[in-house]
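Undergrad:
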Amino acid sequence: MTQPPVPSAQSPQSPPSLRSDDGPPADHVIVLFGATGDLARRKLLPGLFHLARAGLMPPRYRIVGTAPAAGAPTDAEFRAHARQAVAEFGRSRPEGPEWEAFEAALSFGAADTGAAEPLLAAVREAEAALGGRPHRLFHLAVPPVAFRSVVALLGDTGLAEGGRVIVEKPFGTDLASARALNAAIHAVFDESRVFRIDHFLGKEAVDNVLALRFANGLFEPLWNREHISHVQIDVPEHIDIQGRARFFEGTGTFRDMVVTHLFQLLGFIAMEPPVALEGDALRDEQAKVFHSMRPLDPAHVVRGQYTGYREEQGVDPASETETFAALRVGIDNWRWAGVPFHLRTGKALAEGRHVVTLGLREPVLRMFPLDARATAGGRCNELVIDFGDPGSITTRLLVKEPGPSMRLTDADLVFNYRTSFAAQNFLEGYEHLLLEAMRGNQALFTRSDGVERLWEVAAPLLDAPPPVEPYAPGSWGPDSIEALVAPYRWHLPDRRATPS
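Anchor point for the sequence shown: position 477 equals 473 in the working numbering, and the numbering is continuous, going up by one each time.
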């Protein structure tokens, strides 16, 4: 059989990374489990093609799709599927020599438990085409119930030997299940080869938090309880459950979003300075934050459910599953003792946003009387990090309003990625993390001890959750969330109060 030409990466066009391992990855065979599923269609196949166009794929690579044998496509059908996925969800059209080279790298091999020969043959053929000893990277874009069986298949067939594995969230649903999943993975892959992926951590703004704090002498001295009064991590979603009742009824917003996304952001915001911008050092500091977190108090949690959720097809008419969660988190360490972290996320809310706000303490001396302020919003001393793609950083401060009187008004200093850099340099979360996994850099991936500690922190809430409270679709959640953050206020909606 004639082998398709081996695609080669183009010249790199991305800006330097924070870490030193920013060269092209070594030659790879990438195996996508669930290659015909929604995640691969929307994110993985378009993301891999964008990396290829940007010159960030290995010099020589192959991508092998796999799924159960029932209804499995041929190589030609899988290539057609990939073309359609890239056309619909990609940032570049599937055309030209770049697409021809990428398409030629695609093949398919079905795999079922105990019947994985088509996949084995496809991997052998891909490795023979590359020559040498290419790395293997397995991406488990499959439902959580299939994680263990896929990992066992990789171990039983010998495919796992020397390879790395990307595991999608959720990483368990409680402490016991997280420990069982980690044990099953570690029976085949040691922790240095496990990449638990959270696309939030692949956003440019996460790396930029590190740059903001540790590369600028202006901010790190302020990054503590002496100068910061409170922190908010706000990730509202405008969409509802979009027909995923079966998944959502078994998971809920807290398990789906807070443990796997918002707590991870909290770890980056609250960490101590690492000794180096490397995987082990960064994850060590995150783990210290997680171990400093107090167990969640159900009295400091609001669970909500949007009106109409129980009418969704497949939802229990008496469901107590939360579609919204807001909570107060405490961290018992020198840097953050006494500073509340307020977290909020949910479905069917007023906007879709990804925002972290650090509220700065007011000056001790009130040189300016309160009535000198042109705004009564109380939002004048803040640092706002927007994690939306590609993101921005806003410093909110008070300035003198022009005129004869000493009258204050609020103003913004804004850094915006979109207007500051060329758009072609941006990598979406999955693209960034796929690249780092090929490089073997675990800095932006979750470690097993961190996962287990977060489920331990969550145990009091999971054991005794407060009842769900209704909220209207298009609102910002149940009314009781205002009492949760008092004496502060939610920084979304992002509307300035009018003068009194």
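We put the CB at the ideal spot given by N, CA and C, even for glycine.
To the nearest angstrom, how far is the alpha carbon of residue 200 from that of residue 401?
TA: One-based indexing of the sequence shown puts residue 200 at position 204. One-based indexing of the sequence shown puts residue 401 at position 405. The alpha-carbon atoms of residue 200 and residue 401 are separated by roughly 42 Å.
Undergrad: According to the neighbour-count rule (16 or more other Cβ atoms, all chains shown, within 10 Å of its Cβ), is residue 120 buried or exposed?
TA: Looking up residue 120 in the sequence shown gives position 124. Residue 120 comes out exposed.
Undergrad: Whole angstroms are fine: how far does the CA of residue 167 sit from the CA of residue 177?
TA: Taking the sequence shown and counting its residues from 1, one reaches residue 177 at position 181. Taking the sequence shown and counting its residues from 1, one reaches residue 167 at position 171. Going by the C-alpha atoms only, they are around 7 Å apart.
Undergrad: Report yes if the CB atom of residue 117 is closer than 7 Å to the CB atom of residue 60, and no otherwise.
TA: Translated into the one-based positions of the sequence shown, residue 117 becomes position 121. Translated into the one-based positions of the sequence shown, residue 60 becomes position 64. No, the pair does not count as a contact, with Cβ atoms beyond the cut-off.
Undergrad: Would you mind working out which of 422, 284 and 211 sits nearest residue 268, comparing C-alpha positions?
TA: Looking up residue 268 in the sequence shown gives position 272. Selected option, being the one with the closest Cα: 284.
Undergrad: Going along the chain, which unbroken runs of the beta strand (DSSP E) with 3 or more residues stay wholly within the stretch 384 to 467?
TA: Listed in chain order, they are 388 to 396, 404 to 412 and 465 to 467.
Undergrad: Considering only their Cβ atoms, is the gap separating residue 230 from residue 458 smaller than 7 Å?
TA: Numbered from its first residue, the sequence shown carries residue 458 at position 462. Numbered from its first residue, the sequence shown carries residue 230 at position 234. Against a cut-off of 7 Å, the Cβ pair of residue 230 and residue 458 comes out as no contact.
Undergrad: Rounded to the nearest angstrom, what separates residue 359 and residue 224 at their Cα positions?
TA: In the sequence shown, residue 359 corresponds to position 363, counting from 1. In the sequence shown, residue 224 corresponds to position 228, counting from 1. Their Cα atoms are separated by approximately 11 Å.
Undergrad: Comparing C-alpha positions only, which one of 133, 85 and 64 sits nearest to residue 54?
TA: As a first step, residue 54 is located in the sequence shown; it is residue number 58 there, counting from the start. Of 133, 85 and 64, the residue nearest in Cα terms is 133.
Undergrad: Does the stretch 137 to 154 come within contact of the stretch 80 to 96, defined as at least 3 CB pairs closer than 8 Å?
TA: The stretch 137 to 154, when compared against the stretch 80 to 96, does not touch it at the 8 Å Cβ threshold.
Undergrad: Quick check: is the beta carbon of residue 75 nearer than 7 Å to any beta carbon in chain B?
TA: Protein chain content of the structure displayed is limited to a single chain, and chain B is not contained in it.
Undergrad: Can you have a look at residue 338 and say buried or exposed, based on whether 16 or more other CB atoms are within 10 angstroms of its CB?
TA: Here the question's residue 338 lines up with position 342 in the sequence shown. The residue in question, residue 338, is buried, as its Cβ has 16 or more Cβ neighbours within 10 Å.
Undergrad: Tell me, which residues are paired with residue 322 by DSSP?
TA: Position 326 of the sequence shown holds residue 322. Paired residue(s): 298 and 340.
Undergrad: For the beta strand (DSSP E) containing residue 191, name the first residue and the last one.
TA: Against the sequence shown, residue 191 aligns to sequence position 195. Taken as a continuous stretch (DSSP letters only), the beta strand (DSSP E) holding residue 191 covers 190 to 192.
Undergrad: Measuring alpha carbon to alpha carbon, tell me which of 153, 215 and 413 ends up nearest residue 112.
TA: In the sequence shown, residue 112 corresponds to position 116, counting from 1. The shortest C-alpha separation from residue 112 is found at 153.
Undergrad: Please list, in chain order, all residues of the same chain as residue 43 whose beta carbon is under 7 Å from its beta carbon, the five residues on each side excluded.
TA: As a first step, residue 43 is located in the sequence shown; it is residue number 47 there, counting from the start. Once the five neighbours on either side are set aside, the close Cβ partners of residue 43 are 424, 426, 427 and 430.
Undergrad: Along the chain, where does the alpha helix (DSSP H) containing residue 88 start, and where does it finish?
TA: Position 92 of the sequence shown, counted from the first residue, corresponds to residue 88. Unbroken run through residue 88: none, as it is neither H nor E.
Undergrad: Output the distance between the C-alpha atoms of residue 373 and residue 403, rounded to the nearest integer angstrom.
TA: Here residue 373 refers to the residue found at position 377 of the sequence shown. Here residue 403 refers to the residue found at position 407 of the sequence shown. Bear in mind that a pLDDT of 48 at residue 373, under 50, signals an unreliable position, so the number given afterwards is only what the model happens to contain. If I take the Cα positions, the gap works out to 15 Å.
Undergrad: Using DSSP's beta-bridge definition, name the partner residues of residue 378.
TA: Counting from one through the sequence shown, the residue named residue 378 turns up at place 382. The partner list for residue 378 (beta bridge, DSSP) reads 355 and 392.
Undergrad: Taking only the alpha-carbon atoms, compute the straight-line gap between residue 291 and residue 211 and give it to the nearest angstrom.
TA: The sequence position of residue 291 within the sequence shown is 295, counting from 1. The sequence position of residue 211 within the sequence shown is 215, counting from 1. Computed Cα separation, rounded: 33 Å.
Undergrad: On the three-pair Cβ rule with 8 Å, is the stretch 299 to 312 touching the stretch 184 to 202?
TA: Judged by Cβ distances under 8 Å, the stretch 299 to 312 makes no contact with the stretch 184 to 202, as fewer than three pairs qualify.
Undergrad: Three-state secondary structure (DSSP) at residue 185?
TA: For the purposes of this step, residue 185 is taken as residue 189 along the sequence shown, with counting starting at 1. DSSP places residue 185 in coil when its eight states are reduced to three.
Undergrad: Hey, quick one: how far does the beta strand (DSSP E) through residue 26 stretch, first residue to last?
TA: On the sequence shown, residue 26 is found 30 positions in, with the first residue counted as 1. Here the beta strand (DSSP E) through residue 26 covers 24 to 29.
Undergrad: Counting only the same chain and skipping the five closest in sequence on each side, list residues whose C-beta sits under 8 Å from that of residue 280.
TA: One-based indexing of the sequence shown puts residue 280 at position 284. Around residue 280: 270.
Undergrad: In terms of alpha-carbon separation, which member of 261, 103, 313 and 127 lies closest to residue 383?
TA: Taking the sequence shown and counting its residues from 1, the one referred to as residue 383 is at position 387. Comparing Cα positions, the closest option is 261.
Undergrad: Could you tell me which residues DSSP puts in a beta bridge with residue 290?
TA: For the purposes of this step, residue 290 is identified with residue 294 of the sequence shown, where counting begins at 1. Bridge partners of residue 290: none, in fact.
Undergrad: Would you identify the three-state DSSP class for residue 62, choosing helix, strand or coil?
TA: Within the sequence shown, numbered from 1, the residue matching residue 62 stands at position 66. Strand, per DSSP.
Undergrad: By how many angstroms is the C-alpha of residue 234 removed from the C-alpha of residue 77?
TA: Counted from its first residue, the sequence shown places residue 77 at position 81. Counted from its first residue, the sequence shown places residue 234 at position 238. Using only the alpha carbons, I get a separation of about 29 Å.
Undergrad: Would you kindly work out how many angstroms separate the C-alpha atoms of residue 481 and residue 464, rounded to a whole number?
TA: Indexing the sequence shown from 1 puts residue 481 at position 485. Indexing the sequence shown from 1 puts residue 464 at position 468. Distance between the alpha carbons of residue 481 and residue 464 is about 18 Å.
Undergrad: Once DSSP output is grouped into helix, strand and coil, what is the label at residue 108?
TA: The residue you call residue 108 lines up with position 112 of the sequence shown. DSSP places residue 108 in strand when its eight states are reduced to three.
Undergrad: Given that a residue counts as buried once 16 or more other Cβ atoms are within 10 Å of its Cβ, and exposed if not, what is residue 238?
TA: What you label residue 238 is simply residue 242 of the sequence shown in a count that begins at 1. Classification of residue 238: exposed, given that the 10 Å Cβ count is below 16.
Undergrad: Excluding the 5 residues flanking residue 486 on each side, which residues of the same chain have their C-beta closer than 8 Å to its C-beta?
TA: Reading the sequence shown from its first residue, position 490 is the one you call residue 486. Cβ neighbours of residue 486 beyond the five flanking positions: 228, 230, 338, 340, 472, 477 and 478.
Undergrad: Tell me whether the beta-carbon of residue 87 lies closer than 7 Å to the beta-carbon of residue 46.
TA: Translated into the one-based positions of the sequence shown, residue 87 becomes position 91. Translated into the one-based positions of the sequence shown, residue 46 becomes position 50. Yes, the Cβ-Cβ distance between residue 87 and residue 46 is below 7 Å.
Undergrad: Mind checking which residues open and close the alpha helix (DSSP H) that includes residue 46?
TA: The residue given as residue 46 occupies position 50 in the sequence shown. Run containing residue 46: 41 to 49, per the alpha helix (DSSP H) assignment.
Undergrad: Roughly how many whole angstroms lie between the Cα atoms of residue 387 and residue 158?
TA: Working through the sequence shown from its first residue, we reach residue 387 at position 391. Working through the sequence shown from its first residue, we reach residue 158 at position 162. Rounded to whole angstroms, residue 387 to residue 158 spans 36 Å at the Cα level.
Undergrad: In whole angstroms, give me the CA-to-CA distance for residue 454 and residue 164.
TA: Locating residue 454 in the sequence shown gives position 458, counting from the first residue. Locating residue 164 in the sequence shown gives position 168, counting from the first residue. One C-alpha to the other measures close to 20 Å.
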